[in-house]
Every structure is written in structure tokens, then in C-alpha cells.
Amino acid sequence: MDSLPGQDDGALRSTALKAVRRLRGLSAEAVASGMNIRLRTYERFEAGQGRLNIDYIHRFCAVTDSDPHGLLAAIAIGSPEFAVRTAGNKMMTILVILLQQLDHEAGDQLGELDARTLIGAFTETFDGLAATARRRAEEAGRFLQDGADDLAGRRPRPGR
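Residue numbers (this note's numbering): 1 to 160.
Listed below in C-alpha cells is the structure:
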């Protein structure tokens, strides 16, 4: 599921929606029913036809237990994979909640922050998150390999 350069928003949306639906193991019929829309309407929505409908995005994400802000960000950054990657952890919804809190707390002072400060803060945060993700994946891989080796060592040998 690679992003295509120059892919239009409808195609990106379609790829992301299908990927999330498949991730959750749901049929188009089940999602349409859960969204309380006709199957044909859902099929057009999932095909990326028509204008982006935020209400449908939120309904879809409620039915699929995925991240509506992650889905919208996937379209914005041209990566349908991002919708799948954020479906479970709701990363973009967390980010939007924190942005809302920042807006409330800092208010007009947000405009005083210069681009270098913002870039530095976000880069440090995102680099840290990427390092944590890599470290946890490596730890899980080592755990599984060590466990598999231990299990294999304890398994009885075939006899004759």
C-alpha cells in the first residue's frame, strides 16, 4: 500500500478507508449499516467519490474504532498507511486534544512563538517517539526470538 506521487485526495481517501476497514475485518455492508447509510452511499464514500464529508469520516471511525484525525492527516500527508498506523493508538486524536489544550492555555501568545522554536520542539518530540517505537520493536523481536529458542531447547527430541 504505497502512496502514489500526485495521487488525488479521493484516491488517497479510498485507499485509507479500505485499508482501515480491512484491518478491522469488516465488510462494506457492516460499515454502511453501522454508519446508518445505504450500502451504495457507503461504496461511493469508500471509493473516494464526491467531496470529503467530515461527518462520514467520524461515523466511519466510530464503526471501525479508528482515528478520524489520523484518517484526515493521512490524506493531508499523502500516506494512506498513516491511517492504519494510527487507527489503534489514536495518535492524531491525542495530538488534536493536546493542541486544543495548548490553544486554551497559551491563547494569543501562540502567535509569539517563532518557527525555529516550533520546529525544534516538534522535531525533538517526534524523534523521541520514533526512537521509542524502534526500541520497543527491537525488544519485542528479541523477546520472541529468545522465547522461541528456549521453547525449542525444551522440546523433546524425536525418538526412534
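Yeah, the Cβ is synthetic: ideal placement off N, Cα and C, and Gly gets one too.
Own chain partners of residue i with C-beta closer than 8 Å, once the 5 adjacent residues on each side are dropped
i           : result
residue 123 : none
residue 19  : 1, 80, 81, 83, 84
Candidates the options, of which the one nearest residue i by Cα
i          : options           : result
residue 74 : 145, 14, 157, 151 : 14
residue 48 : 118, 9, 97        : 9
residue 80 : 101, 55, 46       : 46
residue 24 : 87, 136, 50       : 87
residue 91 : 54, 129, 111, 113 : 129
Sequence-distant residues of its chain with Cβ nearer than 6 Å to residue i (five each side left out)
i          : result
residue 93 : 67, 69
residue 3  : In this prediction, residue 3 scores a pLDDT of 47, lower than 50, which makes its location untrustworthy; no coordinate-derived value is stated.
Own chain partners of residue i with C-beta closer than 7 Å, once the 5 adjacent residues on each side are dropped
i          : result
residue 82 : 70, 73, 74
residue 42 : 28, 31, 32, 35
Cβ neighbour criterion (16 or more within 10 Å) applied to residue i
i           : result
residue 118 : exposed
residue 134 : exposed
residue 64  : buried
residue 17  : buried
residue 21  : buried
residue 99  : exposed
residue 39  : exposed
residue 102 : exposed
residue 151 : exposed
residue 144 : exposed
Contact between the region 45-64 and the region 22-35 (3+ Cβ pairs under 8 Å): yes
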